[in-house]
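If you read the sequence shown in our numbering, its first letter stands for residue 144, the second for the next number, and so on.
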Amino acid sequence: MTSAKARALSGIQPTHDSFHLGNVLGAINQWVALQESHDAFYCVVDLHALTVEVEPALLRKRSLVSFAQLIALGIDPQKSTLFMQSHVPAHNQLGWVMECLTGFGEAGRMTQFKDKSAKNGTDRTVVGLFTYPMLQAADILLYQPQYVPVGEDQRQHIELTRDLSQRFNARFGETFIVPEGYILKSGAKINDLQEPTAKMSKSSASQAGVIEILDTPESNMKKFKSAMTDAGREVKFDEKEKPGISNLLSIHSAISGTSIDAIVSEFDGKGYGDFKGAVGEVVVEYLKPIRARTLELLEDSGELTRLMKAGAEKANAVASETIAKTYEAMGLIARG
Ligand code: ATP
Ligand code: MG
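Structure, rendered in structure tokens:
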């Protein structure tokens, strides 16, 4: 399938009951913008969610909630191909090919694997977490995208994907487009409100510093008011000395569109308390319609599954073409 527009692709894991503000500002808002000018493919990467403990009823619920949230955040299933990763078997097929191209040492250098496995201990770390970046490379390369809109934490995985596509092309002939990460200069890393030097994560041990988009306005407001701040009293952007305040400034600016300098002058002479309340206000107002729309969409799960099916058909058409081309390039005999 050829398309006049450049392609974009990205995915998100259904690993929690709600997405958080980092997912939205670092990634999904860019997905929404790119669907206007690109042939966009976005998926809920449910197979990746099997790398952490699985509770079937919960995974089912979270997958539906994730799909609904993407629509509520502005992904239009008419403009973008929106689908579930597990509905396209070619992801696993190409995943295996990518595993066979990746060095053991190379995979061991992935910092997300090192961080997540260190947190859970080796006994609770599954092999799937180790091979996750290769499945992710397959998720991307199957659709031949030029751009992959992601947050800063995915930079290393995108680099691996680029290496693998170049390696494949060099060994077996031009097959894959070498994609580029599409990572914002600011907003690409939103930090935890209680631990402002660590990224906000769905899988954090504590949700006290995570702003969930489906949480109530009251609870989110409380999280802003009790956000960890830094020594001193001045509202100023300084990521090293004032990571907490700087994070709140980035959040405010990404949502309000006001420059960080302008926000800093607005709070000149005012205390941290006023500032935290104001950022909370901006965020809570922004999230209200998104939460309402998600809850509304979830009332009609039949419609969500219909949309999933339509997305899967479009995705399968592209992915099966790529996997056939890949197998052929490697010397696997076509079934005929
Ligand atoms: P998990 O803890 O389960 O890995 P996550 O919060 O990291 O969850 P993912 O589903 O892994 O979310 O990532 C979805 C997208 O959100 C990716 O593009 C990722 O780069 C982006 N993202 C995740 N956390 C942040 C963050 N704190 N700031 C900006 N972007 C983020
Ligand atoms: Mg993640």
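Just so it is clear, CB atoms sit at the ideal spot from N, CA and C, and this is done for glycine as well.
Since the structure is predicted, the reported quantities are computational estimates derived from the model, not experimental observations.
The Cβ atoms of Val-378 and Tyr-325 do not sit closer than 9 angstroms to each other. DSSP lists Gly-154, Phe-226 as the bridge partner or partners of Cys-186. Considering only Leu-201, Gln-178, Leu-152, the residue with the shortest C-alpha distance to Ser-161 is Leu-201.
Restricting attention to Ala-250, Phe-380, His-159, Gly-423, the CA atom closest to the CA of Ala-405 is found in Phe-380.
Glu-249: member of the alpha helix (DSSP H) spanning 247 to 251, first to last residue. The Cβ-Cβ distance between Lys-328 and Gly-165 does not fall below 9 angstroms. Within 10 angstroms of the beta-carbon of Cys-243 lie fewer than 16 other beta-carbons, which makes it exposed. Taking C-beta atoms under 8 angstroms as the contact rule, Gly-316 and Leu-336 fail to qualify, at a distance of about 49 angstroms. Minimum Cα-Cα distance from Gly-154 among the listed residues Gln-212, Ala-250, Asp-282 corresponds to Asp-282. Nearest to Pro-157 by alpha-carbon distance, out of Glu-198, Ala-147, Leu-168, Arg-267, is Glu-198. Ranked by Cα distance from Asp-306, the options Glu-323, Trp-239, Glu-295, Gly-423 are led by Glu-323.
Only residues of its own chain outside the window of five on either side were considered, and among them Ile-356 have a CB closer than 6 angstroms to the CB of Leu-430, listed in chain order.
With respect to the 9 angstroms criterion, Ala-183 and Leu-447 are not classified as neighbours on the basis of their beta carbons. The straight-line gap separating the alpha-carbon atoms of Leu-152 and Arg-203 is approximately 23 angstroms.
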